[in-house]
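A.B. asks:
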Amino acid sequence: MRKKSILLAGLLLYGGIALFAQEEGYTLANALDMVWLFCGAILVFIMQAGFALVETGLTRAKNATNIIMKNLMDFCFGALVYWALGWGLMYGADALGIIGTSEFFKGSMEDPSFYRDWFFQVVFAATASTIVSGAMAERTRFKSYLVYTCFISAFIYPISGHWIWGGGWLSQLGFHDFAGSTVVHSLGGWAALIGAAVLGPRQGKYVKGPDGTIAVKAFPGHNLPFACLGVLLLWFGWYGFNGASTLSAMDSSIARVCVTTTLSASAGTVSALITSWVWFKKPDASMSMNGSLAGLVSITASCFVVTPGASVVIGLIGGILVVCAVEFIDKVLKVDDPVGASSVHLVCGIWGTLAVGIWGNSEGTALGLLHGGGFAQLGIQLVGILSVGAWAALTSLVLFLAIKAIIGLRVMPREELMGLDITEHKTEAYTGFQFFSNM
Amino acid sequence: MRKKSILLAGLLLYGGIALFAQEEGYTLANALDMVWLFCGAILVFIMQAGFALVETGLTRAKNATNIIMKNLMDFCFGALVYWALGWGLMYGADALGIIGTSEFFKGSMEDPSFYRDWFFQVVFAATASTIVSGAMAERTRFKSYLVYTCFISAFIYPISGHWIWGGGWLSQLGFHDFAGSTVVHSLGGWAALIGAAVLGPRQGKYVKGPDGTIAVKAFPGHNLPFACLGVLLLWFGWYGFNGASTLSAMDSSIARVCVTTTLSASAGTVSALITSWVWFKKPDASMSMNGSLAGLVSITASCFVVTPGASVVIGLIGGILVVCAVEFIDKVLKVDDPVGASSVHLVCGIWGTLAVGIWGNSEGTALGLLHGGGFAQLGIQLVGILSVGAWAALTSLVLFLAIKAIIGLRVMPREELMGLDITEHKTEAYTGFQFFSNM
Amino acid sequence: MRKKSILLAGLLLYGGIALFAQEEGYTLANALDMVWLFCGAILVFIMQAGFALVETGLTRAKNATNIIMKNLMDFCFGALVYWALGWGLMYGADALGIIGTSEFFKGSMEDPSFYRDWFFQVVFAATASTIVSGAMAERTRFKSYLVYTCFISAFIYPISGHWIWGGGWLSQLGFHDFAGSTVVHSLGGWAALIGAAVLGPRQGKYVKGPDGTIAVKAFPGHNLPFACLGVLLLWFGWYGFNGASTLSAMDSSIARVCVTTTLSASAGTVSALITSWVWFKKPDASMSMNGSLAGLVSITASCFVVTPGASVVIGLIGGILVVCAVEFIDKVLKVDDPVGASSVHLVCGIWGTLAVGIWGNSEGTALGLLHGGGFAQLGIQLVGILSVGAWAALTSLVLFLAIKAIIGLRVMPREELMGLDITEHKTEAYTGFQFFSNM
């Protein structure tokens, strides 16, 4: 008897507290979701530091200030234009499945779910734009980079984003990209590849010998501990990127997402290490670090719908792919991507998106080939990859060519030789340190 | 019928679980608040790393060890004295609206809300004290800095903090400072300015020429990537600083706080970039980074009560202000603040506090001038700024003069020339690296 | 009347939402616990970056790449083998109180509590293995380190972990180690000490003079700001390490854990600073930073069961101990541990485990000597320390001797002189910077 009345009293008390606490229907569940998306958003935010350090560490000291400035600025300009335009194009009222048409410059005092969602989405938009910075490092005009970054955050990323996450045609088709292997990474990767190709290689990168053969020179990065810290910060942030893409804390799969993300990243690192060790006869540091990122990009689309075992395989293949892609883009395509951004984000982004069609295994619905889903999902994934790829490649190409024609995309040869820190920003990154003069 | 009984069963089950889980009335809502304040507190904690890196990066390599030691120690000494004395002066039983008088050396096993609140507050106290370290960099005796830091954390910060956040006279007056533009930043900024002024400039900073004019020399920082990582870590931590200042997760405005913080910081960075570009003909890196911090400090007081649009304007003005303030303090006042701490924290702290009186727009209550609140709130904000400013400036002045008289505030000229790493700590920060001898 | 019906409506609504939201019994409390363990796990994850930076910063530039590679790889290999084998040995079905026997290669889609727990535990396993890397720095073959790291994560750590956290014999005995002073730190510390001893000192570390006395040379670290950032990242992560070891957010003691952790770390830093200042006549940077870690390791076992006052004393003693231990191991034992890992993790790990038996004061149960618990708990703590110590020391010794015999543990003298970056990884960490040639 006593127990029962305590139970009832507890219930009433609990309900009373809950009622009291609910300001206009704001429940504990709402509050928990907000905390969850907050954690996710700040983790994705700190990936900006990760990108800045990876890109700085893997390039030369004379361009370090320029690189950090580009990374800082693409977030700042990106956030402003994503508030003004990007959000509305991505999540505004849908028109024909291809574009959002409302919610520009949004900002009444009352709209907690808008604020929550915008905060979580703006950091993804910034990730897409910052991918490009590394591929175009050491030779791009600062001003031109700022123009580019505004366009990708305001238009390019939001529009294809609308197709997939904004309720557009690809989402209606059943395209699955849980946290953005395609929405964010392959899109950014395409822009990176196109940007690097339009810019042309750094001076001295491809040198034609007297016998007509072309020697490919490597420019080693100037600070590998920075690069490693960057990779670990990216990995750290990726738990928010993938984990919080459930968009609600009330999802028991969050834990599985964390596990598949961990295992794929670990497997990617290990396989890139071994691939580089076998191929180049050395356990290569920058390849291994790109292997971590490869594992992370590869699992981003499918982290919610695969088993731990599958995530290991997906990561292992991602790690091998990234080493091959770096060599292919560098030696065969002869596109100079100083940090391997297109290999990591484009190639592994595509791979990760396809992996959904192979190992995808959502509750109750067989998506992947290996789970009885047949080729249907794989086909849909391919449609998504190709259409976003065509969109990203085309718009980037037009954009970079337009910038090239109007304000110029590349610094002068003499400026490139001196380094962009001195010529663009009138400073050195490491005042007081002595460097070898030919670096 | 079945549905209804399931509903009831669910309710009973839920209440039962809730009851069971509640150890002595510790509810899910309590637990969520704890998780929320935990997230906030650790984020503000990591701002210590941000400050250390910004200050190290923007000064010379020969003083890097000294700077990181000061940053590490102001947290450690600060936490101990804030537990012993500071907390009680700030949040103990109020006496006359000006001081707390209980809860010193607190520590029974049972008092979860004390523990939670102390953990969240100690990191704010540490922020206030660490602001000063950058302004006094490269010439302060280590021992003297330790004495200073104990006093600000034990007395100076907690007492004016009591006036505003501890239920004292300014809070009774209606002064609004949500997350501490005045409580933390302008207080620390005053101490920074006074400290730098009492110390005097670094050797060679202001050199009188044969014609009587004074040349102002710039000492460029030795590691801009450190500074950038520091800024991003500070920004990252600021989401906890501002966001968790709701003190409860059960507040739908958390999301808006995150958005206004993001937009103001972005706008501050962009406007400082543009200001420096127009004024100095270069997109200056350290000005831009100070612009980010300016945007963050400027929105700290008002982040809870302004719209996104207002936050953009507040940040834009903050970014312009910080560039002007750095020039003014350096060239006109001739106070040598190596990292611009007083410009960022004092000038933008004042600006941010005033902004509440202009754009403040709390639910149901018009605070700001532009929302029909008239000049009333602006007047209250001014009273708070002036009284905290008078308190901070006066106590710091007395403290620094006393330290100067008793144990000395500044190292010997020869020590300053050699660098504080060797003379104070008998080590180099970068053993093995070659430096130019005149740095 | 109206109020009552609103209350009832609220209750029903709330229950309804809760029911709806519960997918197969996944409650708000479950979701909150998941968010809590997520926060804890990612914080412990980022400690990998902390270890990498501390170890890199406190050693020489010519080995920086090697150190970051070891740190990256011990997580990646460790996560894979901990999924395959370690988890099952630690948390699988108990056999005789000494070993787990199930749950290897686990991975169905449905098992949220497994995924949650594995994610939280894998980062602890990685911490144990990474401790060793610093003690064996600057002379270990990369390949051999990889073999070692697989064994500790797959076998050594999980088996003794099973005794304490997996329901094995030490937990049945009443051994208390809340967050792992013994499970993680003294275990890793033993492996570190044994590894460093088996390897032998770095070249030039102990030089016999013509008069037969042995001169002990110090090799200063090459980047103290890295080390400081590493310490702050470790401290930051430790809030997850200790705080989330409640394993549930529904525990009002979380807040106290954060406070005792903060105070002990602060006290350890301050006492190591003062000890080094008195002993060596300088406020030593690397000793102070090791003091922070000493305070953290010392409080890890007891953070849940001591008052703030006790935590200050535990940290103060930890900070003194670490300075004495570094000197003793370096000068008396003549074991060359370049970063002081065995002093921090082994000595303070033991100290922290004992502290439970002195100040432990769990709700309702007196554990510690000073709280009326007598010597019983202290005896149990000693049994745990000795048995885990014997296990760790013996298995490490066998493992390192086996590696030495089969594939070799140490690089060639010439390789050590040139640095492991060039000889093991064919790269420099800081390309372009000039170094003094004898470093």
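Chains as they are written, first to last, in our numbering: chain A, 6 to 444; chain B, 6 to 444; chain C, 6 to 444.
Ideal Cβ placement from N, Cα and C applies to all residues, glycine included.
1. Would you say B/Glu429 lies against chain A (beta-carbon separation less than 7 Å)?
2. Would A/Ala434 and A/Ala69 qualify as a contact pair, given that the criterion is a beta-carbon distance under 7 Å?
3. Scan the region 200-228 of chain A for residues whose Cβ lies nearer than 9 Å to a Cβ of chain C and list them as they occur along the chain.
4. CA-CA distance, A/Asp122 and C/Asp182?
5. Please decide whether B/Phe241 counts as near chain A, where near means a Cβ-Cβ distance under 7 Å.
6. For C/Cys329, count neighbouring Cβ atoms within 10 angstroms of its own Cβ and tell me buried if that reaches 16, exposed if not.
7. Report the residue from A/Glu421, A/Phe156, A/Gly365 and A/Gly226 whose alpha carbon sits nearest the alpha carbon of A/Gln386.
8. Assuming the contact rule is C-beta atoms closer than 8 Å, B/Ile334 and B/Ser276 should be a hit. Round their C-beta distance to whole Å, please.
9. By the criterion of Cβ-Cβ separation under 7 Å, what are the contact partners of A/Cys44 in chain B?
10. For a quick check, are the C-beta atoms of A/Thr61 and A/Phe246 less than 7 Å apart?
11. Compare the C-beta of C/Cys233 with all C-beta atoms of chain B and state if any pair is closer than 7 Å.
12. Tell me A/Lys213's beta-bridge partners as DSSP assigns them.
13. Going by the CB atoms, is the gap between A/Ala270 and A/Gly235 shorter than 7 Å?
14. For the region 254-274 of chain C, enumerate the residues whose C-beta is nearer than 8 Å to any C-beta of chain B, in chain order.
15. Contact check, B/Gly413 vs B/Ser149 under 8 Å by CB: the rounded distance?
16. For C/Ile104, list the residues DSSP reports as bridge partners.
17. Check the Cβ-Cβ distances between B/Thr312 and every residue of chain A, and say whether any is below 7 Å.
18. Nearest to A/Thr436 by alpha carbon, out of B/Lys67, B/Leu48, B/Gly172 and B/Phe56?
19. Report buried or exposed for A/Leu372, applying the criterion of at least 16 other Cβ atoms within 10 angstroms of its Cβ.
20. Spell out whether any CB of chain B is found under 7 Å from the CB atom of A/Gly93.
21. The region 124-151 of chain B: which residues have C-beta closer than 8 Å to a C-beta of chain A, in chain order?
22. Who are the neighbours of C/Lys287 on chain B, taking C-beta pairs under 9 Å?
23. Below 8 Å on the Cβ atoms is my contact criterion, and I expect A/Val264 with A/Pro313 to pass it. Report the Cβ-Cβ distance as a whole number of Å.
24. Please confirm whether B/Gln439 has its beta-carbon closer than 7 Å to some beta-carbon of chain A.
25. Helix, strand or coil for B/Ser401 per DSSP?
26. Nearest CA to the CA of A/Phe309: which residue from A/Leu422, A/Ile259 and A/Val137?
27. Can you tell me the Cα-Cα spacing of C/Thr3 and C/Trp282, whole angstroms?
28. Quick one: which chain C residues come within Cβ less than 9 Å of B/Thr168?
29. Between B/Thr251 and the rest of its own chain, which residues show a CB-CB distance below 6 Å, the 5 nearest in sequence each way excluded?
30. Establish whether the CB of C/Leu237 and some CB of chain B are separated by less than 7 Å.
31. Excluding the five sequence neighbours on either side, which residues of its own chain have a C-beta within less than 7 Å of the C-beta of C/Thr274, listed in chain order?
32. Helix, strand or coil, according to DSSP, for A/Ala371 in the structure here?
33. According to DSSP, which residues form a beta bridge with A/Arg415?
34. Got a sec? Which residues, its chain only, sit under 6 Å from B/Phe110 by beta carbon, not counting five neighbours each side?
35. Using a Cβ-Cβ cut-off of less than 7 Å, give me the residues of the region 407-422 of chain C that come near chain A, in sequence order.
36. Using a Cβ-Cβ cut-off of 8 Å (strictly less than) and excluding sequence neighbours within five positions of C/Ile164, which residues of its own chain qualify?
C.D. replies: According to the structure data:
1. With its beta carbon at least 7 Å from every one in chain A, B/Glu429 lies outside the interface.
2. In this structure, A/Ala69 lies closer than 7 Å to A/Ala434 by Cβ.
3. Cβ proximity to chain C below 9 Å picks out Phe224, Pro225, Gly226, His227 and Asn228 from the region 200-228 of chain A.
4. In a straight line, the C-alpha of A/Asp122 is about 41 Å away from that of C/Asp182.
5. Yes - at least one Cβ of chain A is within 7 Å of the one on B/Phe241.
6. Result: exposed.
7. Closest in C-alpha terms to A/Gln386, from the list A/Glu421, A/Phe156, A/Gly365 and A/Gly226, comes A/Gly365.
8. 19 Å between Cβ atoms; not a contact.
9. Correct list: Cys44.
10. Taking C-beta atoms as the reference points, A/Thr61 and A/Phe246 fail to come closer than 7 Å.
11. Flagged as an interface residue toward chain B: C/Cys233, by a C-beta distance shorter than 7 Å.
12. A/Lys213 pairs with A/Ile219.
13. Result no, Cβ atoms of A/Gly235 and A/Ala270 do not sit closer than 7 Å.
14. Within the region 254-274 of chain C, the residues whose Cβ lies closer than 8 Å to some Cβ of chain B are Ala254, Met255, Asp256, Ser257, Ser258, Ile259, Ala260, Arg261, Cys263, Val264, Thr267, Leu268, Ala270, Ser271, Ala272 and Thr274, listed in chain order.
15. Confirmed, about 7 Å.
16. Looking at the DSSP output, C/Ile104 shares a beta bridge with C/Ala100.
17. So, interface residue.
18. Of the residues B/Lys67, B/Leu48, B/Gly172 and B/Phe56, the one whose Cα lies closest to the Cα of A/Thr436 is B/Lys67.
19. Counting the other CB atoms within 10 Å of its CB gives A/Leu372 a total of 16 or more, which places it among the buried residues.
20. By this cut-off, A/Gly93 is not an interface position.
21. So the list is empty, because no residue satisfies the distance condition.
22. Ordered by position in chain B, the residues that pass the 9 Å Cβ test against C/Lys287 are Glu429, His430, Lys431 and Thr432.
23. Confirmed, Cβ separation roughly 6 Å.
24. Taking CB atoms only, B/Gln439 has a neighbour in chain A less than 7 Å away.
25. In this structure, B/Ser401 counts as helix in the three-state DSSP scheme.
26. The option with the nearest alpha carbon to A/Phe309 is A/Ile259.
27. Nothing can be reported for residue 3 of chain C, as the shown portion of chain C is limited to 6 through 444.
28. Reading off the sequence shown, one finds Trp at residue 168 of chain B, where the question assumed Thr. For B/Trp168, no chain C residue has a C-beta closer than 9 Å to its own C-beta; the minimum C-beta separation is roughly 25 Å.
29. Spatial neighbours of B/Thr251 in its own chain (CB-CB distance under 6 Å, excluding positions within 5 residues in sequence) are listed in chain order as Ile259.
30. Yes, because at least one Cβ of chain B sits closer than 7 Å to the Cβ of C/Leu237.
31. Hits under 7 Å: Ser293, Gly296, Ser297, Gly300 and Gly324.
32. Residue state, collapsed to three classes: strand.
33. Beta-bridge pairing by DSSP links A/Arg415 to A/Thr145.
34. The answer, listed in chain order, is Ala89.
35. Across the region 407-422 of chain C, no CB contact with chain A closer than 7 Å is found for any residue.
36. Cβ within range, chain order: Leu94, Met95, Ile103, Ile104 and Trp396.
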